[in-house]
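Data block below; observations after.
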Ligand code: ADP
Ligand code: MG
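Numbering (the numbering used here), first residue to last: 1 to 468.
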């Protein structure tokens, strides 16, 4: 035993004390997936599930945690973080959830011992068994929503109620919603779970009226313990269904039953929704899903490739991740197409085949109205340097780096060749542009912050172009 093995005890005690000082929401959001990992002199290393999570915890609690450790140990102990992606819910035995006296789950939850021993039940037909937290890759774009969903699944009806997850098509709303269902179904056998799309809810309601069975309709929905309603944007203009949902909502809310909804946009942007229903949705936790960054797309794609069990060259994977930027559904569709082709013609997948088979996917995000001027303006503004400086010969880091970013974006989202891009940047050679793109690509692999920056810049460029 080394002399700083005691650090683990300090950490555990610190966590215990912190629990008394934070709200349940904070705890379940930011502390249930940190685990003691190792230690060395004056340092404790804890593991966290993503760099997003790490940054959030660091900015919110680092000081607080280190003060606690100082208080307990009498000497300064620094906290370091290691990111251990990627699949959720690995049930790390040293996570604080399984330590004594921490994170008691709700009444009828099975204990951890039983969890390990029991066999999984087959989910009800309305839940797809693949839609689990285990299969959900967490990245900066979805960490908040995923953590909220997991917190809900651990303690339905107690914290974030209702919860609304919103975001564009193919970003994982249904997957997360059903993961809550699947998780609660396994962990709380006594709870009645209902998952329904807003469309089916509406149709069922109409049919109930027609057949004069409103009573059984009400009975069904108002006695759920966990009600999951997908795609509530379908409610727009459906006054009577809104009315019915309003009453369902109140009944469940009053008896502390969990409700989770998804929507393809923030509630404020829904039209033709009664104010009182709107205010109900806004009452709880609203979390958004953003398009995945390069890093997350890569992690998702690798996991899917593994699941399918085929061989794809690394370069092809990169190519897909670079080009299919819209959402996870498109990413999956690209992979499916590639696999289908390879199986049909009995060929191994190569980079050329990837390029050729997926050209439709790759072409789609190209927007014809984007000019290099716009890119230079947006990137220049962001880094606070002028377009002239971007085009100049100057090579200081403060200018060279933004220039590389601008070149990369130009190559990424326009169809200009490296020669054309070079010309627009003060008549530089095409090899300079190629080099710049390589540099940025390399850096993006290890720097998630840069990935986010570039994503945002890309978005900005698109929006600015559309406004012109
Ligand atoms: P939405 O309901 O928002 O339109 P879905 O939940 O149907 O999107 O997701 C589309 C597809 O992408 C599904 O097959 C889903 O499993 C997959 N998917 C989405 N996000 C992720 C993720 N973070 N990790 C793994 N798969 C994902
Ligand atoms: Mg969906």
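Note that beta-carbon positions come from the ideal geometry of N, C-alpha and C, so glycine has one too. Keep in mind it's a predicted model, so treat the numbers as computed, not measured.
Whole-Å CB distance - residue 313 paired with residue 350, under 8 Å assumed: 7 Å
Cutoff 7 Å; reference residue 300; Cβ partners in own chain excluding five residues on either side: 137, 292, 328, 331
6 Å Cβ shell around residue 280 - same chain, five flanking residues per side excluded: 249
Burial state of residue 49 (16 or more Cβ within 10 Å): buried
Backbone secondary structure at residue 96 - three-state DSSP: A caution first: residue 96 carries a pLDDT of 34, below 50, which makes its placement in the model unreliable, though a value can still be read off. The answer is helix: DSSP assigns residue 96 an H, G or I state.
Inter-residue Cα distance where the pair is residue 486 and residue 353: Given a span of 1 to 468 for the chain in the structure shown, any question on residue 486 remains unanswerable.
Spatial neighbours of residue 123 in its chain, beta-carbon cut-off 6 Å, leaving aside the 5 residues before and after: 129, 182, 185
Near the ligand ADP: residue 131 beta-carbon under 7 Å from a heavy atom: yes
Chain-order list of residues whose beta-carbon lies under 8 Å from that of residue 160 (same chain, five-residue window excluded): 25, 148, 151, 152, 284, 285
Lining residues of the ligand MG - beta-carbon closer than 7 Å to any non-hydrogen atom, in sequence order: 173, 174, 230, 231, 262
Reduced DSSP secondary structure (H/G/I, E/B, other) of residue 150: helix
Any non-hydrogen atom of the ligand ADP closer than 7 Å to residue 164 Cβ: no
Separation of residue 245 from residue 447, as counted between CA atoms: 45 Å
Spatial neighbours of residue 83 in its chain, beta-carbon cut-off 7 Å, leaving aside the 5 residues before and after: 48, 50, 51, 54
Top-ranked residue by Cα proximity to residue 43, from 255, 71, 81: 81
Sequence ranges, alpha helix (DSSP H) only - wholly within the stretch 335-391, length at least 4: 351-357, 359-363, 372-383, 387-391
Per DSSP, cross-strand counterpart(s) of residue 145: DSSP output for residue 145 lists no bridge partner at all.
Contact test: residue 147 Cβ vs the ligand ADP heavy atom, cutoff 7 Å: no
Helix, strand or coil at residue 262 [DSSP, three-state]: strand
Exposure label - residue 427; buried when at least 16 CB within 10 Å: exposed
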